[in-house]
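Engineer: Per the working numbering, residue -8 is the first one in the sequence shown, and the count goes up by one each step.
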Amino acid sequence: MGPPGSGKGTVSERIVRDFGVEHLSSGELLRHHVQNHTDLGEEAQAYILKGELVPDELMVDLILHELDAKKGNWLLDGFPRTVGQAETLSEKHKIDVVVNMDVPFATIVDRIKQRWVHAVSGRVYNLEFNPPKVEGKDDITGEPLTQREDDKPETVMARLKKYEEQTKPLIEYYNKKGVLASFSGTETNVIWPRVKKYLQENHYKL
-8 MGPPGSGKGT
2 VSERIVRDFG
12 VEHLSSGELL
22 RHHVQNHTDL
32 GEEAQAYILK
42 GELVPDELMV
52 DLILHELDAK
62 KGNWLLDGFP
72 RTVGQAETLS
82 EKHKIDVVVN
92 MDVPFATIVD
102 RIKQRWVHAV
112 SGRVYNLEFN
122 PPKVEGKDDI
132 TGEPLTQRED
142 DKPETVMARL
152 KKYEEQTKPL
162 IEYYNKKGVL
172 ASFSGTETNV
182 IWPRVKKYLQ
192 ENHYKL
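(1) DSSP three-state label for M(-8), please.
(2) With 16 other CB atoms within 10 Å as the buried threshold, where does D142 fall?
(3) By Cβ distance, which residues of its chain are closer than 7 Å to Y189, with the 5 residues on each side in sequence left out?
(4) For K(-1), is the classification buried or exposed, using 16 other Cβ atoms within 10 angstroms of its Cβ as the cut-off for buried?
(5) Threshold first: 3 residues or longer. Then list the beta strand (DSSP E) segments lying entirely within the segment 118 to 175, N to C.
(6) Going by DSSP in three states, H194 sits in which element: helix, strand or coil?
(7) Which runs of the alpha helix (DSSP H) at least 4 residues long sit entirely within the segment 51 to 81? Give them in chain order.
(8) Measure how close the beta-carbons of I99 and S(-3) come, nearest whole angstrom, since I'm counting them as under 8 Å.
(9) Indicate the three-state DSSP secondary structure (helix, strand or coil) for D93 in the structure shown.
(10) Under a three-way DSSP split, which group does R185 fall into?
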């Protein structure tokens, strides 16, 4: 778990790489079912076409259907998002640990506002960590870089506040269950070694 821009995607990739668990993304799973016109996908598509969110019950069915077909350990990305989803998941599957990325909102806003993209190719630049060779220009084509509308500071802060409202009950739920492991910091490369050490010592021996 972690707010947008917290580095949870990078940490997820490293957990999968170093511990050999299977990665399961709720967003990718939903797209797979929709593209392959499965029964669950067709049901989800009906909501998507109306511009509505896919209901909790349907997302739970999608996830549980996938987990029931798997063996071994897995990492869930983007799910659960509500206490209701978490309760249903816990009834069906044992949760070893919930990794929570606790990164200050000011750090995230600053990190994301440094991000510029080449719209055609999708190439992403960060003015601090991965700047373009020529300011404001794509390295390959020389075309202008733009900033996504949802990367602008005011938009990012609104998303972060919404995330906080939605996930606070979920964090409290997992904390009471005794499976929450929160990691505070401002840099993913500093947080990751602590996450890895915790998982090695408490859950998965390498």
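Here a beta-carbon is modelled for each residue, glycine too, at the ideal position from N, C-alpha and C. Predicted model only: the values in this text are computed from it and were never measured.
Structural biologist: Quick look at the numbers:
(1) Reduced to three states, the DSSP call for M(-8) is coil.
(2) That one is buried.
(3) The beta carbon of Y189 is closer than 7 Å to those of A172 in its chain, skipping five residues each way along the sequence.
(4) Its Cβ being crowded by 16 or more others within 10 Å, K(-1) is buried.
(5) Taking 3 residues as the minimum length, the beta strand (DSSP E) runs contained wholly in the segment 118 to 175 are 171 to 175, in order along the chain.
(6) Correct three-state label for H194: coil.
(7) Entirely contained in the segment 51 to 81, not one alpha helix (DSSP H) run reaches 4 residues.
(8) Their Cβ separation, rounded to whole angstroms, is 6 Å, which keeps I99 and S(-3) in contact under 8 Å.
(9) Of the three classes helix, strand and coil, the one that applies to D93 here is strand, per DSSP.
(10) Three-state result, R185: helix.
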